[in-house]
Amino acid sequence: MPQSIVTDDLDAVLHELPTLSVEQTAPRRLKVCIKAETLPALLELLKGSSGYLHLSAISCVDWPDTEEFELVYHLWSYEVKQLVSAHIWIPKQPGRFVSVYDIHAPAAFFERDIHEMFGVHFEGSPNLEPFILTEWYGPPPMLKSFNSRAYVEETFQWQQYSPEWLKELEAKGGGIVE
Amino acid sequence: MSQTVIPIHQPSADHNPDTDIACRTVEPQEKNLLRRVIDRVADHCRARSLFILHYCTGCGAIELPPTITSRFDSERLGIQPMVTPRQADILLITGYLSVKTLKRVILTYEQMQGPKYVIGMGSCSINGGMYWHSYATVKRLQEYMPVDMYIAGCMPRPEAIQQGFLQLMAKIDRGEGTAWKDYYHNYNTYLGHQQALFGPDWHTPTDVIAEARHYDLLSDNTLGEHTDLLAKFASEYVTHPIPSAKAIPRSTS
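Here it is, written out as structure tokens:
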């Protein structure tokens, strides 16, 4: 195990909040699990006192067994060059959470993306219009409950195939290269 | 050429369209023969000067630089890239088509002037390829626009693309590269497939029905239940009032 990367500043921040667990997963990565309602406070504190200025991504995981969404906020510090991943869990129903757009402006895009792919509603997010899936009318497609294969079988038809075509190709000197 | 030019002035009632300028009655066979000879000459020339639209989807784009530049040099076949759809002859679909891209491809295809040829390149445009179970990827390109030729492979090598080009040229030279007419003949079917993906209010700025009438390619399946929806949603985009499928007399050609 490498030397702990929890600096004094970070330690002070983590002591201010009811933290569930802190785990170092890589030489420069820290996994912090917290309660959902304390996340905005954590981001605020990290930004203010420890220099974690860059919200590089928000990822979302759908856990079908526990009926929960796991949201992971990845924060990078340019001063100490470390990544803090803040994990929170929110119930799938009603699937609402607060936007952190007022703390980190890039969150608007991540939240919009998660909203269309998972259906999570972020209160206070500036724009939750369809972002990539502008031609999509179905349910949020990244949910585990969405069966992509069944959707494809229902929506699209398959190409006809005839083995005779390969014979035609072989007669012309082509075919499959072994 | 099979396109007829729309007369600028309306012919008077006693005008016989089967007479030439000297009022000599032209035999229908003679007219057809002349037309066929001109068609053959035009096809022969056309096959030797083809422009590919410089538009790439998916990963097949990476095979085109060697195909077009000095290594394989498709210009010796008379095939070059062209920057605008209005001046291009070939639309090359070079890989997977997402539903979103398909929308743009249809817009592009309709802007191209006939005769135009579509080549589906790579497994993905044939049956979805490695994206066969993806909700976002179109499986069969020929449902949405008439395809002249598919080149299989993931990805096809430049040699295969050259071979495909040669076959397409031979096909055009024989006068068989007429798949583009099918878009006008069966516009109702193609539009129906498009509407299944994009919703019933889907329309393009191109007035395909008026073009079909201009090319004299109106057939039984040009108008139908799907084109009827255009009148509802696309009326401001088309120059002519859209006739209902029931109202228009169909030509037998």
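Here the protein sequences line up with chains A and B, keeping their order.
Numbered as in the numbering used here, the first sequence ends at 178 without a single skipped number.
Numbered as in the numbering used here, the second sequence ends at 253 without a single skipped number.
No residue lacks a Cβ here, since even glycine has one placed at the ideal position from N, Cα and C.
Given the structure is predicted, the values throughout are model-derived calculations rather than measurements.
DSSP places Y96 (chain B) outside any alpha helix (DSSP H), giving it a letter other than H or E.
In the three-state DSSP reduction, M149 (chain B) falls in the strand class (E or B). Under the 10 Å beta carbon count, Q160 (chain A) is surrounded by fewer than 16 other beta carbons and is classified as exposed. Around C59 (chain B), the same chain offers G95 and M155 as residues with beta carbons nearer than 7 Å, after the five sequence neighbours per side are excluded. Here L55 (chain A) is bridged, per DSSP, to A:L75.
Chain B places no beta carbon closer than 8 Å to that of T66 (chain A), leaving this residue out of the contacts. Taking a Cβ-Cβ cut-off of 9 Å, P140 (chain A) has no neighbours in chain B, whose nearest Cβ is about 11 Å from it.
Three or more beta-carbon pairs separated by less than 8 Å are not found between the stretch 59 to 70 of chain B and the stretch 126 to 139 of chain B, which leaves the two stretches without contact. Between I93 (chain B) and L141 (chain B) the beta-carbon gap is near 6 Å, inside 8 Å, which marks them as a contact. Taking CB atoms only, R149 (chain A) has a neighbour in chain B less than 8 Å away.
Sequence-distant Cβ neighbours of I90 (chain A) in its own chain, meaning closer than 7 Å and more than five residues away, are A36, E68, F69, L71 and F97. For M149 (chain B), same chain residues with a beta-carbon under 7 Å away, outside a window of 5 residues either side, are I119, G164, Q167 and L168 in chain order.
For T19 (chain A), DSSP records a beta bridge to A:I34. In terms of beta-carbon proximity, E135 (chain A) lines the interface with chain B, with at least one pair separated by less than 8 Å.
Scanning its chain for C-beta atoms nearer than 7 Å, with the 5 sequence neighbours on each side dropped, one finds around H193 (chain B) the residues E143 and Y144, in chain order. Within chain B, the residues whose beta carbon sits less than 8 Å from that of F156 (chain A) are G128, V138, K139 and R140, listed in sequence order. Per DSSP, M142 (chain A) lies in no alpha helix (DSSP H) segment and is marked neither H nor E. Scanning its chain for C-beta atoms nearer than 6 Å, with the 5 sequence neighbours on each side dropped, one finds around A212 (chain B) the residues Y184, L218 and T222, in chain order.
Q194 (chain B) carries a helical assignment under DSSP once its states are collapsed to helix, strand and coil. Taking a C-beta cut-off of 9 Å against chain A, none of the residues of the stretch 34 to 50 of chain B qualify. Taking T38 (chain A) as the centre and dropping the five residues before and after it, the same chain places the C-beta of L17 and P18 closer than 7 Å to its C-beta, in chain order. Residue range R96 to V98 is occupied by the beta strand (DSSP E) that includes V98 (chain A). Think of a sphere of 8 Å around the beta carbon of V147 (chain B): no beta carbon from chain A falls inside it, the nearest being about 11 Å out. In the DSSP assignment, L229 (chain B) falls within the unbroken alpha helix (DSSP H) covering E225 to F233. Around the Cβ of W165 (chain A), a 10 Å sphere holds fewer than 16 other Cβ atoms; the residue is exposed. Looking at the DSSP output, H54 (chain B) shares a beta bridge with no other residue. Secondary structure note for S123 (chain B): its alpha helix (DSSP H) is the uninterrupted segment S123 to N127. The continuous beta strand (DSSP E) containing F122 (chain A) extends over residues H121 to E123.
Only V99, K100 and K103 from the stretch 86 to 107 of chain B bring a Cβ to less than 8 Å from some Cβ of chain A. Using a Cβ distance threshold of 8 Å, L46 (chain A) and I34 (chain A) do not count as a contacting pair. Per the C-alpha coordinates, the member of A:A26, A:E116, A:V22 and A:G51 positioned closest to D9 (chain A) is A:G51. One Cα belongs to S77 (chain A), the other to G48 (chain A), and the distance between them is close to 11 Å. Looking only at B:E176, B:A47 and B:G114, the smallest Cα-Cα distance to H214 (chain B) is reached by B:G114.
Across the structure, K171 (chain B) and T155 (chain A) are spaced so that their CA atoms are roughly 33 Å apart. By the rule that beta-carbons nearer than 8 Å mark a contact, H185 (chain B) does not touch chain A.
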